[in-house]
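The block underneath contains the structure these notes are about, expressed in structure tokens.
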């Protein structure tokens, strides 16, 4: 598991583009036949990607976590981001995930394995794990059962649909929040005007993009913004002090995941456009 350390915003002011990418962009989570994970010291969040082929992949890393099993002190959310059907085995019980279906697995589950229904057309799984102090039951939420929230407009180029999977009024968890935003065709902007939430960090996975599409992800203190250019199926870590907004060359989909102190989706501090620099 790769380790990423937290950064002071005063130090980040001096980063060039390469250093920004090294600290905040996760470029290669999704590799065939592998489970890859990154441990961030921002709220101890773990992001992972798995593409199982000929055999299941087990969720574990005893050496990094120093625990007997992965979810001994953690919870996890798993979303299938591919057209192929995937399966997650949770202590002997199997859950089938179609594209954009979400599975939450709580603290105390001892074995989680991930596999593809058809190894020749493997599924792509996105995995996010946060620390947990209480056990909540395993629960699957298919995209067709998730409640959509429609925001934005064509005039603002930000017409989008938000699905909240793991949150206060959805799948219950300790501190992990997780959901998905789909931009309508010909819409490219998300979260503008932006905001920060100093009580929790966030991770964005951008996907449903073709090889020639890019997202320009904006980060940094509101009065000192930077950008990172992102390809399909790449993740950006957003510190609590940073804005997190993006614009694409085409429409795209992204999964947002948060962990930290407050368990409230609307806990944010808005930033006025006139204060953005």
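Residue numbers (UniProt numbering): 1 to 277.
C-beta: ideal position from N, C-alpha, C; glycine also.
Delimiting residues of the beta strand (DSSP E) encompassing residue i
i           : result
residue 226 : 224-230
residue 90  : 86-90
residue 215 : 215-221
residue 10  : Here residue 10 belongs to no beta strand (DSSP E); instead the alpha helix (DSSP H) covers 9-12.
residue 207 : 200-207
residue 115 : 112-116
residue 104 : 102-105
residue 236 : 234-238
residue 2   : 2-4
residue 32  : Unbroken run through residue 32: none, as it is neither H nor E.
residue 139 : 139-141
DSSP bridge partner residues for residue i (one or two, in chain order)
i           : result
residue 42  : Looking at the DSSP assignment, residue 42 forms no beta bridge with any residue, so it has no partner.
residue 129 : 46 and 76
residue 166 : 171 and 178
residue 260 : 200
residue 51  : 32
residue 190 : 246
residue 57  : 114
residue 195 : 270
For residue i, three-class secondary structure by DSSP
i           : result
residue 148 : strand
residue 26  : strand
residue 243 : coil
residue 179 : strand
residue 96  : strand
residue 71  : helix
residue 255 : strand
residue 248 : strand
residue 20  : helix
residue 269 : strand
Residue i - containing alpha helix (DSSP H), residue span
i          : result
residue 64 : 62-65
Chain-order list of residues whose beta-carbon lies under 8 Å from that of residue i (same chain, five-residue window excluded)
i           : result
residue 85  : 96, 97, 98, 116, 117, 118 and 123
residue 214 : 229, 230, 231, 248 and 249
residue 220 : 9, 12, 226, 242 and 243
residue 201 : 40, 42, 43, 45, 237, 238, 239, 240, 258, 259 and 260
Neighbourhood of residue i by C-beta distance below 6 Å, restricted to the same chain and skipping five residues each side
i           : result
residue 275 : 222
residue 170 : 164
residue 33  : 53
residue 121 : 84
Same chain, Cβ closer than 7 Å to residue i, five either side skipped, listed in chain order
i           : result
residue 67  : 73
residue 184 : 159, 160 and 251
residue 153 : 159
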